[in-house]
Amino acid sequence: MNNIAKADFADVSSERSVLTCILQEPELMIEVDTKLAEADFLSDHHRELYSILRYLTSQRYASFDYLLVVELAEKRNLLKSVPEGYIRALYSADIDTRNFPIYVKQISDRSTAYKILQAAERIQLDVIAN
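In my numbering, the protein residues as written are 10 to 139.
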């Protein structure tokens, strides 16, 4: 049986929308942090960007300045795989933050489905092996 690819389950659009909402309204981080874990972001790039925002929140930053986020992304070698222009695009995307709870739920649902199918695959491999 083939390994289940995260990319097949990632809701990249919702992940991008959540990141944009948080960048525009940092107080949303409090809400999302209780509902999503870093691992729920199935896109590696988005997971790392979310990790940066969580770190900045833990350091009590009131806003997520573009240069601050880019500097941390550079320190984590993220700019090698995610262009600085992509991060800038997140800041300027036209997202209605009133849809934030929907995006969060979509990420959670996709992540849960991925985890369930991953577990089912492990069980099937165990059954075949025994």
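By construction, the Cβ of each residue, glycine as well, lies at the ideal position given by its N, Cα and C atoms. Predicted, not measured: the structure shown is a model, and the values here were computed from it.
For the alpha helix (DSSP H) holding residue 69, just list the boundary residues, first then last. Taken as a continuous stretch (DSSP letters only), residue 69 belongs to no alpha helix (DSSP H), as it is neither H nor E.
Would you check if the distance between the CB atom of residue 29 and the CB atom of residue 102 is smaller than 8 Å? For residue 29 and residue 102, yes; Cβs fall inside 8 Å.
Whole angstroms are fine: how far does the CA of residue 47 sit from the CA of residue 64? Between the alpha carbons of residue 64 and residue 47 lies a gap of roughly 11 Å.
Along the chain, which unbroken stretches of the alpha helix (DSSP H) at least 4 residues long are found entirely within the stretch 82-108? Those alpha helix (DSSP H) runs which fall completely within the stretch 82-108 and span 4+ residues are 93-101.
Since residue 57 contacts residue 79 with CB under 8 Å, what's their CB separation in whole angstroms? Contact annotation, residue 57 with residue 79: C-beta distance approximately 13 Å; criterion of less than 8 Å not satisfied.
Coil, strand or helix - residue 50 by DSSP: In the displayed model, residue 50 falls within coil according to three-state DSSP, outside both helix and strand.
Would you kindly work out how many angstroms separate the C-alpha atoms of residue 49 and residue 21, rounded to a whole number? Answer to the nearest angstrom: the Cα atoms are 11 Å apart.
For residue 44, report the span of its alpha helix (DSSP H) as first-last. That residue, residue 44, is in no alpha helix (DSSP H); it is neither H nor E in DSSP.
With three or more C-beta pairs closer than 8 Å as the rule, is the stretch 130-139 touching the stretch 68-75? Taking 8 Å as the limit for Cβ pairs, the verdict is that the stretch 130-139 does not touch the stretch 68-75.
Does any residue of chain C bring its CB to less than 8 Å from the CB of residue 110? The structure shown contains no chain C; it holds only a single protein chain.
According to DSSP, is residue 24 helix, strand or coil? Helix, per DSSP.
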